[in-house]
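S.K.:
There are 2 protein chains.
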Amino acid sequence: MVNDNNKSIELSLEEIKSLVIRVFSNNGCDINNSNALASTITAAERDGASSHGLFRIPGYIASLVSKKVNGKSNPVVKNKTNIILECDADNGFAPLALEKSLPALVNSAKNNGISTLSIKNCYHFAALWPETEFLAKNGLVGIACTAYKPSVAPAGSKEPFFGTNPISMAWPRDNHDPVVFDMATATMAKGEVMLAARDGHELPEGVGLDSKGNITKDPKEILKGVLLPFGGYKGSAISLMVELFAAGLTGDYFSYEAELSDNNDGGPPKGGEFLLAMNPDIIADNNWNNHCENFFSKIKTLDGVRLPGERRHKIRNQTNVIRNVNKELYNKINELC
Amino acid sequence: MVNDNNKSIELSLEEIKSLVIRVFSNNGCDINNSNALASTITAAERDGASSHGLFRIPGYIASLVSKKVNGKSNPVVKNKTNIILECDADNGFAPLALEKSLPALVNSAKNNGISTLSIKNCYHFAALWPETEFLAKNGLVGIACTAYKPSVAPAGSKEPFFGTNPISMAWPRDNHDPVVFDMATATMAKGEVMLAARDGHELPEGVGLDSKGNITKDPKEILKGVLLPFGGYKGSAISLMVELFAAGLTGDYFSYEAELSDNNDGGPPKGGEFLLAMNPDIIADNNWNNHCENFFSKIKTLDGVRLPGERRHKIRNQTNVIRNVNKELYNKINELC
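Note that the protein sequences, when read in sequence, are chains A and B. Here our numbering is used: the first residue of the first sequence is 9, the next is one more, and so on. Here our numbering is used: the first residue of the second sequence is 9, the next is one more, and so on.
1) What do you get for D182(A), buried or exposed, if any count of 16 or more other CB atoms within 10 angstroms of its CB means buried?
2) Is the number of C-beta pairs between the segment 77-84 of chain A and the segment 95-106 of chain A that are closer than 8 Å three or more?
3) So if I threshold CB-CB distances at 8 Å, which residues from the segment 102-132 of chain B count as touching chain A?
4) Given a limit of 7 Å on CB to CB distance, which residues of the segment 210-232 of chain B reach chain A?
5) So, helix, strand or coil for L104(B), using DSSP?
6) For W296(B), decide whether its Cβ has a neighbour in chain A, counting only Cβ atoms nearer than 8 Å.
7) Can you tell me which of I341(A), I290(A) and G280(A) puts its alpha carbon nearest to the alpha carbon of N129(A)?
8) Around the Cβ of V187(A), are there at least 16 other Cβ atoms within 10 angstroms (buried) or fewer (exposed)?
9) Is there contact here, the segment 28-41 of chain B with the segment 65-72 of chain B, by at least three beta-carbon pairs under 8 Å?
10) Does any residue of chain A bring its CB to less than 8 Å from the CB of W179(B)?
11) Does L203(B) pass the burial test, meaning 16 or more other C-beta atoms within 10 Å, or should it be called exposed?
12) Whose Cβ in chain A lies nearer than 8 Å to the Cβ of D289(B)?
13) Quick check: what's the CA-CA separation for M196(B) versus E336(A)?
14) Is any beta-carbon of chain A found at less than 8 Å from that of M196(B)?
15) Compare the C-alpha of K118(B) against each of L344(B), A292(B), E167(B) and V329(B) and name the closest.
16) Among T193(A), F282(A), F303(A) and M249(A), which residue has its Cα nearest to the Cα of Y264(B)?
17) Rounded C-beta distance between V234(A) and I175(A)? I'm assuming under 8 Å.
18) Is T89(B) helix, strand or coil by DSSP?
19) Taking Cβ positions only, does F303(B) come closer than 8 Å to chain A?
20) Give the interface partners of V313(A) over in chain B, defined as CB-CB distance under 7 Å, in chain order.
21) Could you give the distance in angstroms between the alpha-carbon of C95(A) and the alpha-carbon of I127(A)?
22) Just to make sure I have the definition right: I need the residues of chain A whose C-beta is within less than 9 Å of the C-beta of Y264(B). Which are they?
23) If distances are taken between C-alpha atoms only, which option among N115(B), D311(B), N297(B) and A144(B) comes closest to N90(B)?
24) Quick one: what does DSSP say F32(B) is sitting in, helix, strand or coil?
25) With a cut-off of 8 Å on the beta carbons, I'd call A105(B) and V160(B) a contact; round off their distance for me.
26) Is E318(A) helix, strand or coil when you go by DSSP?
27) Quick check on the burial criterion: 16 or more other C-beta atoms within 10 angstroms. Buried or exposed for G208(A)?
28) Under the assumption that I151(A) contacts L284(A) (Cβ atoms under 8 Å), give the Cβ distance between them as a whole number of angstroms.
29) Which class does M196(B) belong to by DSSP, given the choice of helix, strand or coil?
30) Between the segment 21-33 of chain A and chain B, which residues of the former have a C-beta closer than 9 Å to a C-beta of the latter?
31) Between G61(B) and chain A, is any beta-carbon pair separated by less than 8 Å?
32) Distance check for G317(A) and S16(A), CA to CA, integer angstroms please.
33) Short of 6 Å in beta carbon distance, which residues of its chain neighbour D260(A), apart from the five on each side in sequence? Order them along the chain.
Encoded structure:
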């Protein structure tokens with residue numbers, strides 16, 4: 009159904025998923041990759057996280073068309089030791105690599121208390137909460153991070169060097185959605201800046217610099233210039249840590265290397281993802297769940313405080329499964345089919 | 009030697025260490041605790057980190073005098089599994105607990121790739137880089153975090169709930185000092201705000217709120233009010249993660265619990281510390297060290313960029329082992345002897 013304003017169209021989550029499967033299947037993906045991508049993209053739309061949903065499809069498709077990404081990838085998971093796992097994503101998109109390797113990570117962390125997973129030769133273009141929430145749903149603390157191409161200036165500099173370098177942490181809760189944050193270590197995710205540019209919105213001061221290194225509120229100028237790290241030199245240190253984990257520990261590209269290797273087709277660059285899973289049942293004492301629930305209850309008594317992830321889960325848990333999709337985007341995806 | 013300005017006195021690192029051993033020995037610490045404390049405090053003075061050096065001694069001593077802290081603690085390290093370690097600090101200060109447990113953490117991470125250490129029943133009043141740098145010096149990636157008493161308002165709130173909740177990460181380098189950050193997840197340390205208040209300096213907007221919850225640049229008003237997390241809701245999420253690791257995973261106090269239990273003698277509250285060590289020789293591929301050195305070389309080519317820890321290591325590596333110590337503080341410590 010086309011909305012009154014004629015700018016968006018209403019689709020059910022089922023319709024969104026079918027559309028995604030169709031567009032990937034018709035652009036060189038096998039059914040395993042198409043299904044994994046559809047689950048990830050539909051979950052983003054379900055959660056109201058549109059900057060990681062259908063919005064990304066033109067980029068995904070561009071990198072299939074350019075042959076940069078292998079739409080028929082067959083990711084392989086390897087145990088370097090019983091707790092140190094590695095997944096070669098076979099130059100495919102992340103969702104199938106994650107689908108294949110997360111169960112092994114869960115199993116290892118469940119049995120041993122802690123485990124790491126390094127994903128290599130991968131093209132990550134989605135949010136990170138699907139993987140950290142999966143770990144949390146299995147009773148584990150999940151951490152994930154990945155680098156990208158340079159778009160963020162390290163503190164003190166005016167030149168892009170870090171990727172937006174997102175990091176996500178999910179904390180498991182009995183009978184509750186996990187507490188989960190998933191954030192770019194830039195002031196703002198590039199997808200959000202792109203949406204602001206598309207919609208003609210001004211951004212707050214401090215988000216980024218224009219191509220001459222001057223402060224600007226215009227998202228279009230920031231896209232030609234550089235983003236800044238969140239929280240000054242402290243956020244810059246967190247972004248550095250993400251680079252070191254996502255590239256130093258996985259052996260895949262740092263952001264600056266990803267740029268050198270990329271064909272700039274509009275899709276994601278090749279890179280690594282680093283994941284860590286911890287089992288509080290082994291690390292903490294028996295009372296950890298109650299102890300933390302008391303903490304969550306206490307923080308919720310403060311006016312104005314929302315636990316990270318709460319807003320997204322509220323949208324997810326709506327009985328309404330209809331989502332508004334930008335009509336121009338919808339038409340574009342249909343053309344790509 | 010008393011300096012010209014008569015406000016500070018020059019002491020060698022040896023003299024500082026002797027003074028520290030004397031003041032702790034004369035206030036109820038056994039020789040193991042006195043030595044461990046002296047090493048930590050002298051290292052802070054050596055690195056020019058005076059806010060974690062001799063400056064803390066009156067607080068340390070107050071919590072010995074009040075009998076809150078056990079100066080004759082005998083920390084015990086336990087293997088919950090071969091990779092999950094726990095240390096009961098026996099209600100003593102952190103340095104001896106760390107001295108006793110870090111070698112076991114190194115050993116476990118070296119052999120297995122990753123290992124965690126939860127320290128409980130501990131009083132932490134120092135920086136975190138001594139422990140993370142120790143791990144890095146042993147070829148490991150080190151992470152450490154601890155909570156405190158509430159002084160920081162979670163994003164959206166105007167009430168203190170989080171501690172300043174520091175987190176440190178150190179990355180190992182061959183033939184170089186490690187890359188290491190160690191930062192409060194508050195905008196600014198309380199001591200810095202106190203200095204600004206004393207000197208009549210205005211603070212940047214966003215450091216804290218006055219007692220009515222209004223934004224202010226006046227450090228005196230912030231001291232009556234509350235600090236904010238660095239980087240808004242993103243820094244607040246990192247601070248939340250620190251609470252969950254330092255208290256949820258160790259089973260010791262969250263910041264709000266630490267406050268309820270504390271006698272406010274001026275020393276640190278009881279709490280936990282969570283440490284994680286990772287061995288890149290096992291997790292990463294063989295080339296990780298070269299790969300990361302290229303990355304460090306590249307980032308250093310950017311104008312205005314300094315690697316975290318660099319400034320502190322520069323002071324450390326000075327051949328001059330004489331440090332200026334505030335004369336009033338020096339006299340106070342001598343009185344405490």
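Beta carbons: idealized from backbone N, C-alpha and C, even for Gly. For clarity, every value in this text was computed on a predicted model and none was experimentally measured.
M.R.: Taking the structure as given:
1) With fewer than 16 other Cβ atoms within 10 Å, it is exposed.
2) yes
3) N120, G121, I122, S123, T124 and S126
4) none
5) helix
6) At least one chain A Cβ lies under 8 Å of W296(B).
7) G280(A)
8) Classification of V187(A): buried, given that the 10 Å Cβ count is 16 or more.
9) yes
10) yes
11) Burial call: exposed.
12) Those do not exist, as D289(B) stays about 11 Å from chain A at its closest Cβ, beyond 8 Å.
13) 46 Å
14) no
15) A292(B)
16) F303(A)
17) Incorrect: roughly 20 Å between the Cβ atoms, too far for contact.
18) coil
19) yes
20) Residues of chain B with a Cβ closer than 7 Å to the Cβ of V313(A) are, in chain order, P162, G164 and S165.
21) 5 Å
22) Simply F303, K306 and I307.
23) That would be N115(B), whose Cα lies nearest to the Cα of N90(B).
24) helix
25) Cβ atoms of A105(B) and V160(B) stay farther apart than 8 Å, at about 25 Å.
26) In the displayed model, E318(A) falls within a helix according to three-state DSSP.
27) exposed
28) 4 Å
29) Here M196(B) sits in coil by DSSP.
30) none
31) Output row for G61(B): interface = no.
32) 26 Å
33) Close CB contacts of D260(A) within its chain, under the 6 Å cut and outside five residues either way in sequence, are with K128, G279 and G280 (chain order).
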